[in-house]
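*Asks:* Numbering (my numbering), first residue to last: 784 to 1058. Before I ask anything, let me first share the structure, which is written out below as structure tokens.
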């Protein structure tokens, strides 16, 4: 778990310096049937600190020289906003929950009810891939093909006969069958690999699996598409291993991924400002 003192100090420093805070929303899933009573995606998500820590000296020494875009310099404070509960592996729950991430009020409230909702700059949904030993950064999500029942034994209502007929009021009517992340996935991936150990099996994938992982990914991208906003979302697939060692490894990789997203996005903003 994160160091609360360090989180507070980093938050205070970000406030004093006047720099923007780059906020990344992170989610993880709950138990997946009896076979997986502990979902490593949630264990990884809940272990993340509230703010991205500085790179360790050994990590700085190991990574390539900063790129010409200068994104590695003066990175603003990166806030990691972890959804406070594991997301139940059901279609109904995901469909109801995801729009709240992007309605402009997520993260508001606080103990006194006065906390302003942060601007969410990007999101990382984390999920478990039981059949994959590698870690994968998913590039796209799918609108249809969800034929497997969720943990409650329920099928997605979209797959019922007539549900997707024109004029039937289908929530995703008119949207593409595939939606790609608006993040620079190849660029993020290259930074991610550069930050990691050479022996780590990190890949880009185009198949999130047409189950809840794919579904939450498409739900976020579709919600943003409806709002005419860029889909600054990605999906991080982790192996099923929920041991302490695997969770620690997944946490480090998640932090590296968050850093890679922030660096890539800041670099793009700098280019846009200079144009």
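Note that CB positions come from ideal geometry on N, CA and C, so glycine has one too. For clarity, every value in this text was computed on a predicted model and none was experimentally measured.
1) Cutting at 8 Å between CB atoms, please list the residues of its own chain near residue 949, excluding the five before and the five after it.
2) What does the alpha-carbon distance come out to for the pair residue 988 and residue 951?
3) Comparing alpha-carbon positions, which option in 1023, 975, 971 and 941 lies nearest residue 998?
4) What is the residue span of the beta strand (DSSP E) that residue 872 lies within?
5) Between residue 853 and the rest of its own chain, which residues show a CB-CB distance below 6 Å, the 5 nearest in sequence each way excluded?
6) Taking the alpha carbon of residue 972 as the point to measure from, which residue in 985, 965, 960 and 961 has its own alpha carbon closest?
7) Rounding to the nearest angstrom, what Cα-Cα distance links residue 832 and residue 863 in this structure?
8) Could you check whether the Cβ of residue 816 sits closer than 7 Å to any heavy atom belonging to the ligand NAP?
9) Using 8 Å as the limit for Cβ to Cβ distance, is residue 988 near chain C?
10) Roughly how many angstroms lie between the CA atoms of residue 920 and residue 1047, to the nearest whole one?
11) To the nearest angstrom, report how far apart residue 821 and residue 815 are at their CA atoms.
12) Within the segment 959-1012, note down every full beta strand (DSSP E) run reaching 3 residues or more, in order along the chain.
*Replies:* By the coordinates alone:
1) Counted from its first residue, the chain shown places residue 949 at position 166. If we look at residue 949 and ignore the five residues flanking it on each side, its Cβ neighbours are 956.
2) Counted from its first residue, the chain shown places residue 988 at position 205. Counted from its first residue, the chain shown places residue 951 at position 168. For residue 988 and residue 951, the distance between alpha carbons rounds to 33 Å.
3) Here residue 998 refers to the residue found at position 215 of the chain shown. Selected option, being the one with the closest Cα: 941.
4) One-based indexing of the chain shown puts residue 872 at position 89. Run containing residue 872: none; DSSP gives neither H nor E here.
5) Taking the first residue of the chain shown as position 1, residue 853 is located at position 70. Only weak support is given to the placement of residue 853: the predicted model assigns it a pLDDT of 47, under 50, and the question is left unresolved by the model.
6) Position 189 of the chain shown, counted from the start, is the residue given in the question as residue 972. Of 985, 965, 960 and 961, the residue nearest in Cα terms is 985.
7) As a working mapping, residue 832 is identified with position 49 in the chain shown. As a working mapping, residue 863 is identified with position 80 in the chain shown. Cα to Cα, the separation comes out at about 7 Å.
8) In terms of ligand content, the structure shown is empty, and the ligand NAP therefore cannot be addressed.
9) The structure shown contains no chain C; it holds only a single protein chain.
10) Counting from 1 along the chain shown, the entry for residue 920 is found at position 137. Counting from 1 along the chain shown, the entry for residue 1047 is found at position 264. Each residue's Cα considered, the two are about 15 Å apart.
11) Taking the chain shown and counting its residues from 1, the one referred to as residue 821 is at position 38. Taking the chain shown and counting its residues from 1, the one referred to as residue 815 is at position 32. Distance between the alpha carbons of residue 821 and residue 815 is about 8 Å.
12) 961-963 and 985-988
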